[in-house]
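J.:
Numbering (our numbering), first residue to last: 58 to 511.
#1: State buried or exposed for residue 100, treating a residue as buried only when at least 16 other CB atoms are found within 10 Å of its CB.
#2: Just the C-alpha distance for residue 443 and residue 398, rounded to the nearest angstrom, thanks.
#3: Rounded to whole angstroms, what's the CA-CA distance from residue 318 to residue 302? Just pull it up for me.
#4: Return the Cβ separation of residue 352 and residue 441 in integer angstroms, given the expectation that the two are a contact with Cβ distance under 8 Å.
#5: Please report the residue range of the alpha helix (DSSP H) in which residue 110 lies.
#6: By a C-beta neighbour count over all protein chains shown, 10 Å radius and 16 as the cutoff for buried, is residue 263 buried or exposed?
#7: Taking Cβ positions, are residue 132 and residue 164 nearer each other than 8 Å?
#8: Would you call the CB atoms of residue 138 and residue 147 closer than 8 Å?
#9: Taking CB distances under 8 Å as the criterion, tell me whether residue 120 reaches chain E.
#10: Three or more C-beta pairs under 8 Å: does that hold for the segment 422-435 against the segment 359-367?
#11: Quick check for students: name the residue ranges of the beta strand (DSSP E) that lie wholly in the segment 354-380, counting only runs of 3 or more.
#12: Could you check whether residue 401 and residue 415 sit closer than 8 Å to each other, using their CB atoms as the reference points?
#13: So, using beta-carbon positions, are residue 266 and residue 253 closer together than 8 Å?
#14: What does the alpha-carbon distance come out to for the pair residue 73 and residue 151?
#15: What distance in whole Å lies between the Cβ atoms of residue 106 and residue 141, which are believed to be in contact at a cut-off of 8 Å?
#16: Which same chain residues, not among the five before or five after residue 134, have their C-beta less than 6 Å away from its C-beta?
#17: Can you find the residues in the same chain that come closer than 7 Å, C-beta to C-beta, to residue 110, ignoring five residues on each side of it along the sequence?
#18: Here's a check: name, in chain order, each residue in its chain whose Cβ is nearer than 7 Å to the Cβ of residue 273, leaving out the five neighbours to either side.
#19: When burial is assigned at 16 or more other CB atoms within 10 Å of the CB, is residue 71 buried or exposed?
#20: Using the three-state DSSP reduction, which class does residue 288 fall into: helix, strand or coil?
#21: Anyone know if the C-beta pair for residue 304 and residue 324 falls short of 8 Å?
#22: When you compare only the Cα positions, how much space is there between residue 457 and residue 328?
#23: Taking the alpha helix (DSSP H) that residue 429 falls in, what are its first and last residues?
#24: State the DSSP-derived secondary structure class of residue 404, mapped to helix, strand or coil.
#25: Below 7 Å CB to CB, which residues in the same chain sit around residue 465 once its five sequence neighbours on both sides are set aside?
#26: Figure out for me which residue from 223, 220 and 235 has the closest Cα to the Cα of residue 197.
#27: From residue 345 to residue 419, what does the alpha carbon distance come to, in whole angstroms?
#28: Which of helix, strand or coil does DSSP assign to residue 519?
#29: Output the boundary residues of the alpha helix (DSSP H) element that contains residue 260.
#30: Does the segment 215-223 touch the segment 165-181, meaning 3 or more C-beta pairs lie closer than 8 Å?
#31: State the DSSP-derived secondary structure class of residue 193, mapped to helix, strand or coil.
#32: Give the single residue among 300, 161, 296 and 291 whose Cα lies nearest to the Cα of residue 311.
#33: In angstroms with no decimal places, state the Cα-to-Cα distance between residue 206 and residue 332.
#34: Using alpha carbons as the reference points, say which of 259, 155, 210 and 213 lies closest to residue 185.
#35: Secondary structure at residue 351, three-state DSSP: helix, strand or coil?
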């Protein structure tokens with residue numbers, strides 16, 4: 058009798074192993090789809106995955122009468138139903154039964170947590186991943202919990218900041234458990250992006266996010282075909298004024314997931330933004346020549362305010378008066394002892410990740426675009442306001458995309474810094490269309506009603 062039971066158990070294990078292989082192959086088909094299909098087939102991917110899921114599900118159903126009360130079988134059925142995007146009530150039902158039959162089944166808890174996450178029940182998802190970690194420390198629970206923590210309803214700033222830090226720590230732990238897992242690296246990159254935006258845009262966090270995304274692609278061939286990775290990284294690129302990379306990322310995300318509207322919309326918005334800036338740069342905000350001459354007539358040494366004082370302490374730490382400098386005279390690198398000045402000639406309302414944007418013109422009538430991030434709701438500038446930029450740091454760069462961005466001035470100048478006139482810390486970026494694209498890091502002082510010390 059005992060021998061018969063052992064033989065039966067052996068057959069059951071073999072059956073379940075065969076079924077597991079079928080489900081694993083289903084996920085292999087989904088995750089490695091573009092290794093056997095071209096990007097042009099992306100529009101068919103969801104249909105093809107659904108078709109493969111139905112085939113696998115039918116094979117599972119052949120064993121349902123025998124294993125319908127087996128936790129491993131219910132897990133496999135739940136995984137099969139969950140291979141497609143979106144919430145599956147049938148998957149939730151199977152997985153819920155699996156964890157009741159076998160509470161120590163970590164994979165079932167993780168897969169159930171993912172269904173709750175898709176359903177929008179973040180509290181239940183958190184409970185699943187936390188419970189799975191109590192059973193066994195594993196990368197899937199760690200990185201999934203990292204994602205959930207970042208999406209929980211925001212409390213006060215302190216609570217949200219603490220939650221983001223915990224999210225980063227969990228994602229790091231997931232990577233440490235398996236440094237060759239591209240999904241863990243991708244989620245760590247997302248965690249760093251959240252930390253970047255919640256901690257005053259620390260450049261180190263931005264670089265760590267980009268490094269994590271790059272590592273995801275390096276260790277996992279499927280990561281480069283993840284539309285979410287390209288979209289999230291493009292969002293960061295856009296914030297960092299790496300416009301060519303941002304446009305390429307949005308375009309790639311749209312190609313990999315044609316049914317997802319956000320990447321196409323972001324790409325369109327950014328292209329439109331750049332074209333609008335080009336037009337405004339060319340016509341200097343449509344300010345009439347006589348009015349522009351009158352505005353520029355007031356630009357003089359006294360316009361640089363505190364920068365003209367012998368006691369002025371510059372961003373580099375040196376003490377002494379700065380020399381007014383035209384935008385075209387800026388050199389590559391740190392412009393020690395110089396202060397650039399301009400008059401506001403236009404502004405553009407912010408949209409999405411784009412900042413509050415306005416243009417300035419200097420005494421040589423060189424036009425420049427200023428982008429201010431994280432401003433207070435009531436913060437802004439008026440036509441004719443003066444902008445002063447102490448000791449700009451200049452770097453060379455370039456922007457191209459599908460031959461769609463082709464302004465008459467081929468390049469732009471970008472500046473960054475902190476504006477203390479805002480209720481919240483903000484970053485200022487200036488773009489000037491010149492023979493070379495230059496990136497400038499700027500620092501800001503105090504502002505008056507009509508003169509902004511940037």
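Backbone N, C-alpha and C define an ideal beta-carbon position, used for all residues, glycine too.
T.: Let me spell this out:
#1: By the Cβ neighbour-count rule, residue 100 is exposed, with fewer than 16 other Cβ atoms within 10 Å of its own.
#2: 7 Å
#3: 19 Å
#4: 5 Å
#5: 99-118
#6: buried
#7: yes
#8: yes
#9: The structure shown contains no chain E, having only a single protein chain.
#10: no
#11: none
#12: Going by C-beta atoms, residue 415 is nearer than 8 Å to residue 401.
#13: yes
#14: 16 Å
#15: 6 Å
#16: 117 and 151
#17: Taken in chain order, the residues that qualify are 83, 137, 140 and 141.
#18: Scanning its chain for C-beta atoms nearer than 7 Å, with the 5 sequence neighbours on each side dropped, one finds around residue 273 the residues 239, 242, 243, 246, 280 and 286, in chain order.
#19: By the neighbour-count rule (16 or more Cβ atoms within 10 Å), residue 71 is not buried but exposed.
#20: In the structure shown, residue 288 sits in a helix (DSSP, three-state: H, G or I).
#21: yes
#22: 10 Å
#23: That residue, residue 429, is in no alpha helix (DSSP H); its beta strand (DSSP E) goes 424-429.
#24: strand
#25: In this predicted model, residue 465 has a pLDDT of only 39, less than 50, meaning its place in the structure is not dependable enough to derive any value.
#26: 235
#27: Cα-Cα distance, rounded: 15 Å.
#28: The displayed coordinates of the chain run from 58 to 511. Any statement about residue 519 would go beyond what the structure contains.
#29: 260-276
#30: Between the segment 165-181 and the segment 215-223, the count of C-beta pairs closer than 8 Å stays below three; the two stretches do not touch.
#31: In this structure, residue 193 counts as coil in the three-state DSSP scheme.
#32: Of the listed residues, the one whose Cα sits closest to residue 311 is 291.
#33: Straight-line Cα distance between these residues: approximately 38 Å.
#34: 155
#35: helix
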